[in-house]
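Q: Numbering (this note's numbering), first residue to last: 874 to 1351.
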């Protein structure tokens, strides 16, 4: 090959190499540019968590309007309509034939049909008529509206924890939240229901100007003042100005997930934390003021119904002591693009272990689920033993009434029935099935068993487990 041909071939190869290098450089530059643009966009997303599409005010009640500014959170919020079961919680969707009185096409399983002991425990009360498995926030108002418990008179105080009430309270009170709260509490339920339209909504937990968390439920605003006075000696505590952000991530949940009672003279909803938040402290307060929810149909005992004391039970547990908030587990952070948001699909952490639990607990998902379920299994076992003993006490009191046992003895036995029932119900109504505070749940059920033992002794029956109180103590010198 001549020199000129070799030089031409060399130049050609060199041109190809340079062209390829230029193309590679161009592609790399384009890739780097695209990456930088993507990073910039994600940084901008993080800096600007929402775009104000509509104006939100302190009177914007409809969550769909908030959803125009916060579509990702709103999409998650809508998922609270999902029905999914855990081993001891959640619910299954059951078909329901709509009627004029109850137009629902889907309901949940009746708990009093699954466990008839509950029906007898509450005999004479509205919960003995209808009590079903819980559904998500999306159904909280609908399920309250159509429950058969309305066969007994109900008042507007119930709506406090089952609807978006902030705007209705303000309207009823001509701008005064507390005044509107008092007025709705005293209304018959059917009248109060006309003032509310949505289940719990964005405005109940967020300030529309800053989007910061806030407490809006009057019952909690009054109750937490008592709580902080009792526990910390703080006067006139206001969570909206004095609580930390982490405390607020539990307080907004504790607005509703609590025990409460209706003050007889004006039907006002009150959180009974005057002597503390533990079950027996609340019971002591009720005993001290002589409060009762109803009279038991079989025994005539003055009874108490526990509500849903998740906040009280959680407060006694290890997670609360470690500074873990309700939202950390039930609304864990999630990534959407470059944004970090709270998951507004509020649900059991057992359905979202990766985000809810493994952020702190570096163990396999199956192991963490197993730990939680073992706690719940043991709580159910203890609760079942207590429920069986409660049925024995009711039988014994009914039999003692038939025998004509002294009225004072019967009254004392009825008080033990009242106390044991409330303590059992405190654990039963608390939706974590003992997980929020396993030792506290066990302590409460043990205390209930002690009241059952005393009640059975009063009416001359064997104590739970078949141990006769008449058996003499061992002779230490024998």
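Quick reminder that beta carbons are idealized off the backbone N, C-alpha and C, glycines included.
Note down, in chain order, each residue of its chain lying with its Cβ closer than 7 Å to the Cβ of residue 1304, except the 5 sequence neighbours on either side.
A: If you ignore the 5 residues before and after residue 1304, its C-beta comes within less than 7 Å of the C-beta of 962, 1007, 1181 and 1183, all in its own chain and listed in chain order.
Q: Just to confirm, are residue 1207 and residue 1216 a CB contact at a threshold of 7 Å?
A: yes
Q: Which of the three DSSP states, helix, strand or coil, is assigned to residue 964?
A: coil
Q: Rounded to whole angstroms, what's the CA-CA distance from residue 1333 to residue 1307? Just pull it up for me.
A: Cα-Cα distance, rounded: 32 Å.
Q: Rounded to the nearest angstrom, what separates residue 1329 and residue 1276 at their Cα positions?
A: Cα-Cα distance, rounded: 15 Å.
Q: Which stretch, first to last residue, makes up the beta strand (DSSP E) that contains residue 1332?
A: It is not in any beta strand (DSSP E) - residue 1332 carries neither H nor E in the DSSP assignment.
Q: Per DSSP, which residues does residue 1167 bridge with? Please list them.
A: 1176
Q: Does DSSP put residue 889 in a helix, in a strand, or in coil?
A: Residue 889 falls in the helix class under three-state DSSP.
Q: Just reading off the beta strand (DSSP E) that residue 1208 is part of, what are its end residues?
A: 1206-1209
Q: Indicate the three-state DSSP secondary structure (helix, strand or coil) for residue 1025 in the structure shown.
A: coil
Q: Within its chain, find whatever has a CB closer than 7 Å to the CB of residue 1320; leave out the 5 residues flanking it on each side and keep chain order.
A: 1153 and 1296
Q: Considering only the beta carbon of each residue, do residue 1142 and residue 1078 sit closer than 7 Å?
A: no
Q: Just the C-alpha distance for residue 1225 and residue 1205, rounded to the nearest angstrom, thanks.
A: Cα to Cα, the separation comes out at about 9 Å.
Q: Go through its chain and collect everything with a Cβ distance to residue 1121's Cβ below 6 Å, but skip five positions before and after it.
A: 1086
Q: Tell me whether residue 1061 sits in a helix, a strand or coil according to DSSP, three-state version.
A: Looking at residue 1061 - three-state DSSP - the assignment turns out to be strand.
Q: Out of 1041, 1076 and 905, which one is the CA nearest neighbour of residue 1064?
A: 1041
Q: Exposed or buried, what is residue 1345 when buried is set at 16 or more other beta-carbons lying within 10 Å of its beta-carbon?
A: Residue confidence is low: residue 1345 scores 40 on pLDDT, short of 50, so the model does not pin down where it sits. No coordinate-derived value is stated.
Q: Contact between the stretch 1093-1102 and the stretch 943-959 is defined here as three or more beta-carbon pairs at a separation below 8 Å; is this criterion met?
A: In short, these stretches do not touch, since the Cβ pair count stays below three.
Q: At what residues does the alpha helix (DSSP H) containing residue 1221 begin and finish?
A: Taken as a continuous stretch (DSSP letters only), residue 1221 belongs to no alpha helix (DSSP H), as it is neither H nor E.
Q: Just the Cα atoms here: how many angstroms apart are residue 1289 and residue 1325?
A: 6 Å
Q: For residue 1014 versus residue 1035, is the C-beta distance shorter than 7 Å?
A: Yes, Cβ-Cβ distance for residue 1014 and residue 1035 is below 7 Å.
Q: Note the first and the last residue of the continuous beta strand (DSSP E) segment covering residue 1214.
A: 1212-1215
Q: Smallest Cα separation from residue 971: which of 1019, 937 and 1004?
A: Comparing Cα positions, the closest option is 1019.
Q: Alpha carbons only, please: which of 1316, 1164 and 977 is nearest the one belonging to residue 1177?
A: 1164
Q: Between which two residues does the alpha helix (DSSP H) holding residue 1246 run?
A: 1238-1276
Q: What is the rounded straight-line gap between the Cα of residue 1257 and the Cα of residue 927?
A: 53 Å
Q: Note down, in chain order, each residue of its chain lying with its Cβ closer than 7 Å to the Cβ of residue 1076, except the 5 sequence neighbours on either side.
A: 933, 934, 1037, 1039 and 1040
Q: Which same chain residues end up closer than 8 Å to residue 930 when comparing Cβ atoms and leaving out the 5 residues on each side of it in sequence?
A: 1081
Q: Within a Cβ cutoff of 7 Å, which residues of the same chain sit near residue 1253, ignoring the five residues on either side of it in sequence?
A: 961 and 1306
Q: On the three-state DSSP scale, how would you describe residue 1037?
A: coil
Q: Can you round the beta-carbon distance between residue 1231 and residue 1240 to whole angstroms, since I take them to be within the 8 Å contact cut?
A: Between the beta-carbon of residue 1231 and that of residue 1240 there is about 10 Å, and that puts the pair past the 8 Å contact cut.
Q: By a C-beta neighbour count over all protein chains shown, 10 Å radius and 16 as the cutoff for buried, is residue 1270 buried or exposed?
A: buried
Q: Taking all protein chains shown into account, decide if residue 1349 is buried (16 or more other Cβ within 10 angstroms of its Cβ) or exposed.
A: Because the pLDDT at residue 1349 is just 40, under 50, the model does not fix this residue reliably, and the point stays unresolved.
Q: Relative to the C-alpha of residue 1103, which residue among 996, 1150, 1245 and 1203 is closest?
A: When each option's Cα is compared against that of residue 1103, the closest is 1150.
Q: Excluding five sequence neighbours on each side, which residues of the same chain lie with their C-beta closer than 7 Å to the C-beta of residue 1107?
A: 1101
Q: Among the residues of its own chain, which have a CB less than 7 Å from the CB of residue 1327, if the five just before and after it don't count?
A: 1289
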